[in-house]
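Participant: Questions regarding the structure given below will be posed in turn.
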Amino acid sequence: TFTGPGEVLGVGTLYWHDAGSRLHIHTAIGKDGENLVGCPRRDTKTSLILEITILDITGIEATRQFDPGRGMKLLRLGTGA
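If you count the sequence shown from 1, position 76 lands on 77 in our numbering, and the numbers rise without skipping.
Next up, the structure:
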């Protein structure tokens, strides 16, 4: 558990899936020699207030599709054509 200010670095994607938008993010959070790195999973409870920058990349279609060989949804990029 982290309390008070700390440092956060993250990268991720916002994408459309089924009936709505989804967020996939990997983060590194640290304070006073403690750190947490990774991808939050289902049932993870977090509470952060962040200032973020979102870049909209046009001209591509991004989706996440289930890959049975890896057992998870992977990012797929296309032109939408």
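By construction, the Cβ of each residue, glycine as well, lies at the ideal position given by its N, Cα and C atoms.
1) Between the region 63 to 70 and the region 26 to 41, do at least 3 Cβ pairs fall closer than 8 Å?
2) Between the C-alpha atoms of T28 and I61, what's the straight-line distance to the nearest angstrom?
3) Please report the distance separating the alpha-carbon of I55 from that of A63.
4) State yes or no: is the C-beta of H25 within less than 7 Å of the C-beta of G13?
5) In whole angstroms, give me the CA-to-CA distance for K74 and H18.
6) Just the Cα atoms here: how many angstroms apart are D57 and E8?
Facilitator: By the coordinates alone:
1) no
2) Walking along the sequence shown from the start, residue 28 turns up at place 27. Walking along the sequence shown from the start, residue 61 turns up at place 60. C-alpha separation (whole angstroms): 25 Å.
3) For the purposes of this step, residue 55 is taken as the residue at position 54 of the sequence shown. For the purposes of this step, residue 63 is taken as the residue at position 62 of the sequence shown. When rounded, the distance between both Cα atoms is 15 Å.
4) Taking the first residue of the sequence shown as 1, we reach residue 25 at position 24. Taking the first residue of the sequence shown as 1, we reach residue 13 at position 12. Yes, Cβ-Cβ distance for H25 and G13 is below 7 Å.
5) In the sequence shown, residue 74 corresponds to position 73, counting from 1. In the sequence shown, residue 18 corresponds to position 17, counting from 1. Cα to Cα, K74 sits roughly 11 Å from H18.
6) Taking the first residue of the sequence shown as position 1, residue 57 is located at position 56. Taking the first residue of the sequence shown as position 1, residue 8 is located at position 7. If I take the Cα positions, the gap works out to 25 Å.
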